[in-house]
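*Asks:* These protein sequences, in sequence, are chains A and B.
Residue 115, in this note's numbering, is where the first sequence stops; the numbers in between run on with no holes.
Residue 250, in this note's numbering, is where the second sequence stops; the numbers in between run on with no holes.
A single structure is presented below for examination.
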Amino acid sequence: DAGITQSPRHKVTETGTPVTLRCHQTENHRYMYWYRQDPGHGLRLIHYSYGVKDTDKGEVSDGYSVSRSKTEDFLLTLESATSSQTSVYFCAITREGQNTEAFFGQGTRLTVV
Amino acid sequence: GDSVTQMEGPVTLSEEAFLTINCTYTATGYPSLFWYVQYPGEGLQLLLKATKADDKGSNKGFEATYRKETTSFHLEKGSVQVSDSAVYFCALKVGTGFQKLVFGTGTRLLVSP
Numbered sequence: 003d004a005g006i007t008q009s010p011r012h013k014v015t016e017t018g019t020p021v022t023l024r025c026h027q028t029e030n031h032r033y034m035y036w037y038r039q040d041p042g043h044g045l046r047l048i049h050y051s052y053g054v055k056d057t058d059k060g061e062v063s064d065g066y067s068v069s070r071s072k073t074e075d076f077l078l079t080l081e082s083a084t085s086s087q088t089s090v091y092f093c094a095i096t097r098e099g100q101n102t103e104a105f106f107g108q109g110t111r112l113t114v115v
Numbered sequence: 138g139d140s141v142t143q144m145e146g147p148v149t150l151s152e153e154a155f156l157t158i159n160c161t162y163t164a165t166g167y168p169s170l171f172w173y174v175q176y177p178g179e180g181l182q183l184l185l186k187a188t189k190a191d192d193k194g195s196n197k198g199f200e201a202t203y204r205k206e207t208t209s210f211h212l213e214k215g216s217v218q219v220s221d222s223a224v225y226f227c228a229l230k231v232g233t234g235f236q237k238l239v240f241g242t243g244t245r246l247l248v249s250p
């Protein structure tokens, strides 16, 4: 298994509260991604990172922010959680190169009530 | 923009039946193509990949051929098993510098004994 862990694995939070999800890797891969998975939508990219302090927005970035202060950690923050952010969140990592596959964490199931 | 379209599910088959899951793509440049599989409660894991036209990726009895002329990467298996029940995602990776990873919406496969 690729050394990638997500925490927490499950979380229930109230609308309007801040939430931070953590992705930790031991592979020293340069690229890290945050996706959300929803029925009928597959995986949609929220944010990605191409190095320490280098991040950019994906297709569904509204309401989310990220930080990467160390190669191994990529944090996703919901500043003020809403019910539409109830989802399963996956972190992925890849090495450089178009031919390299992504490795995924086991996901975080977030419920906003 | 870059996108992946795959057939909607669920696909329901009996054990030992032949499987095809269709996938077509749109991409600027020459992407690498991937199939990922997601078992219940888990993250995605790589099933197979192909990195250039006419390449065939294969793994665990599954195969897919990179068809540039039809921009397709259909997944096939000659004889499915109950243990193949999962969600299958077609994906592409393309770009110089940062490589964008784009997924289809996923196809659920249900195999009955």
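In this text, a Cβ means the ideal position worked out from N, Cα and C, and glycines have one as well.
What you are looking at is a predicted structure, and each value in this text was computed from that prediction instead of being measured.
Using the C-alpha atoms, what's the distance from L185(B) back to V115(A)?
*Replies:* For V115(A) and L185(B), the distance between alpha carbons rounds to 38 Å.
*Asks:* Helix, strand or coil: which one does DSSP assign to V219(B)?
*Replies:* V219(B): helix per DSSP, three-state reduction.
*Asks:* Out of V14(A), H49(A), G53(A) and T17(A), point me to the one whose CA is closest to R38(A)'s CA.
*Replies:* When each option's Cα is compared against that of R38(A), the closest is H49(A).
*Asks:* Per DSSP, what kind of secondary structure is S85(A) in: helix, strand or coil?
*Replies:* Of the three classes helix, strand and coil, the one that applies to S85(A) here is helix, per DSSP.
*Asks:* Starting from the C-beta of G105(A), find all residues in its chain whose C-beta is less than 7 Å away, skip the five residues before and the five after it, and write them out in chain order.
*Replies:* Before going on, a small fix: residue 105(A) reads as Phe here, not Gly. Here the set comprises A4, I6, A94 and I95.
*Asks:* Ordered along the chain, which non-local residues of its own chain (more than five positions away) have a Cβ less than 8 Å from that of H77(A)?
*Replies:* Residue identity differs from the one stated: residue 77(A) is Leu in this sequence, not His. Cβ neighbours of L77(A) beyond the five flanking positions: T22, L23, R24, C25, V68, S69 and R70.
*Asks:* What in chain A is Cβ-close to S169(B), meaning under 7 Å?
*Replies:* Within 7 Å Cβ-Cβ: Q100 and N101.
*Asks:* When you compare the CB of V174(B) with every CB in chain A, is at least one pair closer than 8 Å?
*Replies:* No, V174(B) lies away from the interface with chain A (no Cβ there is under 8 Å from its Cβ).
*Asks:* Taking the Cβ atom as the reference point for each residue, do G180(B) and R245(B) lie within a distance shorter than 8 Å?
*Replies:* Contact flag unset, no.
*Asks:* Residues of chain B with a CB under 9 Å from the CB of G18(A): which are they?
*Replies:* Within chain B, no residue comes near G18(A); the closest Cβ sits about 29 Å away, beyond 9 Å.
*Asks:* For G5(A), would you say it is in contact with chain B, using Cβ-to-Cβ distances shorter than 8 Å as the test?
*Replies:* By this cut-off, G5(A) is not an interface position.
*Asks:* Counting only beta-carbon separations shorter than 8 Å, does K193(B) have a partner in chain A?
*Replies:* So no, K193(B) is outside the interface.
*Asks:* Return the chain-ordered list of same chain residues with a C-beta closer than 7 Å to the C-beta of K205(B), the five sequence neighbours on each side being excluded.
*Replies:* Excluding sequence neighbours, K205(B) sits near A190.
*Asks:* Could you name the residues of the same chain whose beta carbon sits closer than 7 Å to that of L80(A), not counting the 5 residues immediately before and after it, in chain order?
*Replies:* Same-chain partners within the cutoff: P20, V21, G65, Y66 and Q87.
*Asks:* In chain order, what residues of the same chain have a beta carbon less than 6 Å from the beta carbon of S140(B), not counting five sequence neighbours either side?
*Replies:* Closer than 6 Å at Cβ, skipping near neighbours: T163.
*Asks:* Answer yes or no: does any C-beta atom of chain A fall closer than 8 Å to that of T188(B)?
*Replies:* Yes, T188(B) counts as interfacial toward chain A.
*Asks:* Could you check what DSSP says for H211(B) in three-state terms: helix, strand or coil?
*Replies:* H211(B): coil per DSSP, three-state reduction.
*Asks:* Going by the CB atoms, is the gap between L212(B) and Y225(B) shorter than 8 Å?
*Replies:* Yes, the Cβ-Cβ distance between Y225(B) and L212(B) is below 8 Å.
*Asks:* Could you name the residues that DSSP lists as bridge partners for Q108(A)?
*Replies:* The partner list for Q108(A) (beta bridge, DSSP) is empty, contrary to what the question assumes.
*Asks:* Measure from the C-beta of Q218(B) to each C-beta in chain A and report whether the shortest distance is under 8 Å.
*Replies:* Closer than 8 Å: no.
*Asks:* Could you round the C-beta distance between S249(B) and S151(B) to whole angstroms and report it? I think they count as a contact, below 8 Å.
*Replies:* The Cβ separation is near 6 Å, so the contact holds.
*Asks:* Just to confirm the assignment: which complete alpha helix (DSSP H) runs, minimum length 4, are found wholly within the segment 40-84 of chain A?
*Replies:* Listed in chain order, there is nothing to give.
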